[in-house]
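For reference, the structure discussed in these notes is given below.
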Amino acid sequence: MGTYLLRRLLIAVVLMIGAATLVFVLLHSIPGDPARLFLGDFATEDQVAAVHHAMGLDRPLPAQYVSWLWNAAHFDLGTSLSQNRPVSSLILQRLPRTLEIVVCAIALSLLIGIPLGILSALRRGRPADTGITAGSLLGLSVPSYVTGTLLVLLFAVRLSWLPASGYVNFSDNPRRHLLLLILPCATLASQLSASIMRLTRSSVLEVINQDHVRTARSKGLTERQVIRRHVLRNSLIPVSTIVGIQAGNLLGGAVIVETIFSWPGLSTLLFRAIETRDFPVVQACVLTTSGLFVLFTLLVDILHGVIDPRAAHGAS
Amino acid sequence: MTEDRNDPLRNRISRRKVLQVTGLTTGAAVGGWLLVGCGGGSVAPTATPGSATQAAPAGNATAARGSASAATGVAGKATGVAGKTPKRGGTLKMGLNQEAATIDPHKSRDIAGTQIKGLIYSQLLKYGRGNQLAPDLAEKYEAVDDKTYVFHLRKGVKFHDGQELTAADVKASYDRILKPETGASIYVYLRAIESVTVVDDYTVQFKLKQPQATFLAAMGYTGNYIAQKKKIDANANFETDVVGTGPFMFVSRDPSVMTKVQRNPNYFLPGLPYLDAIELRPVFDDSARLNALYSGDVDLITYVSWAAMGDIEKNRKYLLQSNKQDGWVQLNFRVDRPPFTDVRIRQAINYAIDRQAIIDTATSKRGVANYGGIVPPWMWAYDKEIENTYQYNPAKAKQLLSDAGATNLKIECTTWPTDTELFGRPSVVIANQLKQVGIDVALKTQPVAEWAQSRATGAYQMLVNGSLYDIPDPDVLSNLYHTSAGVMSHRFSDPEIDGLLDKARGLTDQAQRKPLYDQVQKRGLDLAPFAWLFYREQGEGMQNFVQGHEYLGAQGANNSLLETWLDK
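Below is the structure:
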């Protein structure tokens with residue numbers, strides 16, 4: 001297990017650097033000058049030149065790249081061009097916020113999707129199944145920006161049960177923090193819970209018809225024991241794979257949710273940094289996001305090993 | 317029910333099942349739509365990225381209309397019923413249109429940052445009620461000669477840390493502004509300052525390299541904030557070390573979350589401000605910001621999109637404060653390259669555009685069509701004579717085009733994405749109108765950062781462009797028509813116009829300057845390196861209990877919350 005982990009981590013580092021390099025090259029190939037964008041419409045040319053120099057943008061590109069890489073290796077991610085703050089503090093501040101809604105969304109999706117999927121499978125063909133399947137169709141097909149906007153209009157504007165948008169630190173106001181968390185989380189979870197539900201349903205249906213389950217029944221176990229011991233764990237294997245993949249997608253989908261709900265996370269930081277061509281911030285975000293993605297997949301693989309002993313033996 | 321695993325029809329979905337599921341799904345969807353969509357209350361229209369002006373990139377010319385002795389078209393009336401006594405106290409919650417990139421007093425002109433800075437810092441001069449130039453820290457000032465100005469500071473003004481303001485702080489602030497590497501937003505207008513001298517503790521003298529009529533107007537504009545000399549000398553971090561002399565004191569700032577300020581009990585104007593505290597939150601998505609207002613999360617929002625202005629006006633729970641001529645939208649022509657080397661083609665395009673139709677269809681009926689010059693009606697140098705120069709005249713446009721031998725003209729127009737309300741939608745309308753006179757326009761849409769780069773490098777044939785008025789002086793024409801103009805034009809150069817502008821800038825008597833600007837505008841319209849399309853409206857929305865508030869734009873942001881109070 002130890003060498004396995006080490007190998008995966010090494011691959012992760014290489015991937016992260018590769019992603020950041022690719023982004024560096026792309027960023028500098030598209031038009032857009034952070035100095036100009038910062039200074040605005042009526043900036044004078046000598047100002048633009050001076051700010052360019054202060055931002056270190058008049059150095060040759062390879063020099064900029066090497067110095068960035070060298071600093072990154074020493075955990076110095078540079079200074080934001082538009083905000084004049086260390087990039088690492090920006091990341092450290094905003095990353096946990098994105099992780100919070102992503103993790104909550106995953107948890108919520110599992111909490112909703114798995115039980116509903118099982119229920120739907122066990123009541124196959126009956127009204128409950130039809131209803132749940134219809135609901136999951138809606139959840140899957142409605143894009144997150146529609147879901148999010150509708151939720152805001154209903155719960156915040158019409159009913160005033162929840163705030164429309166915003167963020168407050170948990171330590172400052174725990175109650176409001178949690179209230180603000182509900183809608184973004186629900187929006188992010190809408191599509192994932194639908195696919196988890198459908199996958200669980202078909203997975204359970206598949207397993208329930210297998211020989212070992214029939215054997216368990218004929219041994220005299222109650223239906224509940226059959227489901228708990230023999231059906232569930234086996235059905236959950238494909239689900240865990242999906243969650244791993246989708247978790248990475250959630251990081252991307254978070255930008256829409258963060259925008260609609262003014263949730264100041266990493267995605268909106270990256271979005272704005274691209275708009276303002278804040279190169280150090282974009283690169284740091286890419287490093288972070290690719291690192292997270294790799295970490296997620298690693299965690300899921302380990303989880304897989306836990307749920308399915310067959311996989312664990314194969315991996316180590 | 318036993319199932320035979322080998323039955324091939326086992327998993328067939330029955331028609332009934334399909335109908336049931338479809339019916340349920342559709343029913344749920346329609347039900348949801350009815351529940352949420354119908355019923356009164358304002359539904360915030362979909363946001364479009366970057367529609368919030370050039371405020372999408374940080375640090376932009378967000379200006380406001382200025383004072384005017386002949387203030388026509390000014391929407392700057394304070395809210396509230398005259399005669400109501402202001403109530404003290406309360407916290408005003410504001411939704412800003414974006415995160416302020418910086419609250420450094422001398423950098424960046426973005427609306428959000430200026431809003432915050434204007435509460436904390438003061439200037440020598442500012443724009444007050446009715447957008448008139450008014451004394452702030454300088455209780456009086458005089459022009460000793462046309463190149464020398466002396467400002468007399470109020471005595472006993474304290475910074476928020478208790479230290480008294482002196483002329484040394486003023487000098488230190490301006491020395492910093494005048495260094496190009498600071499990137500100061502007001503630098504372009506104050507470059508003519510040769511020296512700033514401390515005469516005594518309460519007197520500062522400014523000497524200019526040459527006379528400049530816009531000097532005082534520029535001194536009142538945002539970006540002239542006075543910070544402490546000791547902090548400037550120590551190269552303090554102005555993002556966290558925030559000490560000014562303004563009506564509100566800095567409490568805390570988490571840039572992407574909230575900035576808090578509280579009342580300055582020692583503010584130099586007694587009795588002001590009325591509010592106890594202000595919380596400023598960035599909500600950069602246009603519809604999220606509106607929803608924050610509609611749901612009561614915030615009391616006041618800056619930068620209301622055109623599409624939402626009508627809703628806010630109609631709803632008695634909210635107030636809209638706007639200025640119909642806060643800025644403008646224009647077309648740029650690359651005049652040094654065919655086909656726009658031919659003035660007839662530029663004029664033809666000016667005649668071929670039905671500006672009122674743009675307002676009627678593309679701007680949610682906000683703003684005012686502009687058939688004349690760019691100096692707006694609320695400025696003293698407005699020229700009424702030219703206001704109908706380019707009335708819609710497609711026949712004349714066609715005539716000019718055929719005179720120029722331009723048949724089957726194909727033009728590429730660089731603009732913002734077509735769903736953006738500021739530049740995108742108008743450009744679609746323009747393309748259609750030009751087609752009517754036989755010009756084929758291909759819209760090249762670019763995201764804001766690339767558009768800004770295209771504008772700066774002249775990488776366009778025709779460009780949709782625009783800005784906001786900043787200092788309330790007709791010398792805005794220099795930023796457009798002068799050879800030294802920056803990104804607002806490209807390679808347009810006319811010695812006669814340059815001469816007129818330089819001369820007018822050096823005079824201080826309005827009566828002498830106006831005829832020169834009239835000439836510049838007439839000639840500018842004849843040569844038509846631009847097409848002025850319409851004045852753009854900009855404003856703030858607030859709950860109806862926000863009283864004593866006057867929308868002054870970024871220019872008067874220093875004053876905009878000084879006399880605001882909450883009627884609740």
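So the protein lines, in turn, are chains A and B. Taken in order, the first sequence gives residues 1 to 316; the numbers are from the working numbering. Taken in order, the second sequence gives residues 317 to 884; the numbers are from the working numbering. Note that beta-carbon positions come from the ideal geometry of N, C-alpha and C, so glycine has one too. If you're wondering where the values come from, they're calculated on a predicted model, not measured in any experiment.
- If you ignore the 5 residues before and after G253/A, its C-beta comes within less than 7 Å of the C-beta of S144, L188, all in its own chain and listed in chain order.
- Around the CB of W644/B, 16 or more other CB atoms lie within 10 Å, so the residue is classed as buried.
- The C-beta separation of A847/B from Y833/B comes to about 20 Å, leaving the pair out of contact by the 8 Å criterion.
- Taking a contact as a CB-CB distance under 8 Å, the pair S770/B and P31/A counts as one, their CB atoms being some 7 Å apart.
- Secondary structure within the stretch 749–799 of chain B: the alpha helix (DSSP H) runs of 4 or more consecutive residues, fully enclosed, are 764–773, 794–797 (chain order).
- When 7 Å is used as the limit between beta carbons, T341/B is near these residues of chain A: A134, L137, L138, in chain order.
- Distance from F279/A to V255/A at the Cβ level is roughly 19 Å; contact not present, criterion being Cβ atoms closer than 8 Å.
- Judged by their CB atoms, G78/A and V87/A are nearer to each other than the 8 Å cut-off.
- Your pair S511/B and K523/B checks out as a contact, with CB atoms roughly 5 Å apart and the cut at 8 Å.
- Using a Cβ-Cβ cut-off of 8 Å, T259/A counts as an interface residue toward chain B, since at least one Cβ of chain B sits closer than that to its own.
- T276/A and T268/A do not touch by the CB rule: their CB atoms are close to 12 Å apart, not below 8 Å.
- At a cut-off of 8 Å between C-beta atoms, R597/B counts as an interface residue with respect to chain A.
- F846/B carries a strand assignment under DSSP once its states are collapsed to helix, strand and coil.
- DSSP places N249/A in the uninterrupted alpha helix (DSSP H) bounded by 232–260.
- Cβ contact annotation for S235/A (same chain, cutoff 7 Å, sequence separation greater than five): T200, S203, V204, V207, in chain order.
- Taken residue by residue, none of the stretch 509–521 of chain B has a beta-carbon sitting less than 7 Å from a beta-carbon on chain A.
- In this structure, A747/B sits away from S680/B, with a CB-CB distance that is not shorter than 8 Å.
- Taking 7 Å as the cut-off between beta carbons, none of the residues of the stretch 472–484 of chain B comes near chain A.
- Cβ contact annotation for G429/B (same chain, cutoff 7 Å, sequence separation greater than five): A416, A417, T418, I419, in chain order.
- Per DSSP, the beta-bridge partners of Q854/B are N639/B.
- Going by C-alpha positions, I245/A is about 12 Å away from S195/A.
- The Cβ of G253/A sits no closer than 8 Å to any Cβ of chain B.
- Fewer than three beta-carbon pairs drawn from the stretch 212–225 of chain A and the stretch 131–138 of chain A are found closer than 8 Å, and the two stretches are therefore not classed as touching.
- Taken in chain order, the unbroken stretches of alpha helix (DSSP H) that lie wholly in the stretch 397–481 of chain B and span 4 residues or more are 427–436.
- The DSSP-derived three-state label of P581/B is coil.
- If you check each beta-carbon in the stretch 274–300 of chain A against every beta-carbon of chain B, the ones closer than 7 Å belong to E275, T276, R277.
- Taking a cut-off of 8 Å on C-beta distances, the stretch 443–461 of chain B does not touch the stretch 497–515 of chain B, as fewer than three cross pairs fall below it.
- Close partners of E555/B in chain A (Cβ separation under 7 Å): N84, R85.
- For I227/A, the nearest beta carbon of chain B is not closer than 8 Å to its own beta carbon.
- In the three-state DSSP reduction, P86/A falls in the strand class (E or B).
- The C-beta of Y610/B comes closer than 8 Å to at least one C-beta of chain A.
- Contacts with chain A at 8 Å (Cβ-Cβ) do not include P563/B.
- Selection D461/B, P654/B, S794/B evaluated against V504/B yields S794/B as nearest (Cα-Cα).
- Residues of the stretch 30–63 of chain A with a Cβ closer than 9 Å to any Cβ of chain B, in chain order: I30, P31, G32, D33, P34, A35, R36, L37, F38, L39, G40, D41, F42, A43, T44, E45, D46, Q47, V48, A49, A50, V51, H53, A54.
- With its beta carbon at least 8 Å from every one in chain B, P184/A lies outside the interface.
- Listed in chain order, the positions of the stretch 781–813 of chain B with a beta carbon within less than 7 Å of a beta carbon of chain A are S783, N795, G802, V803, M804.
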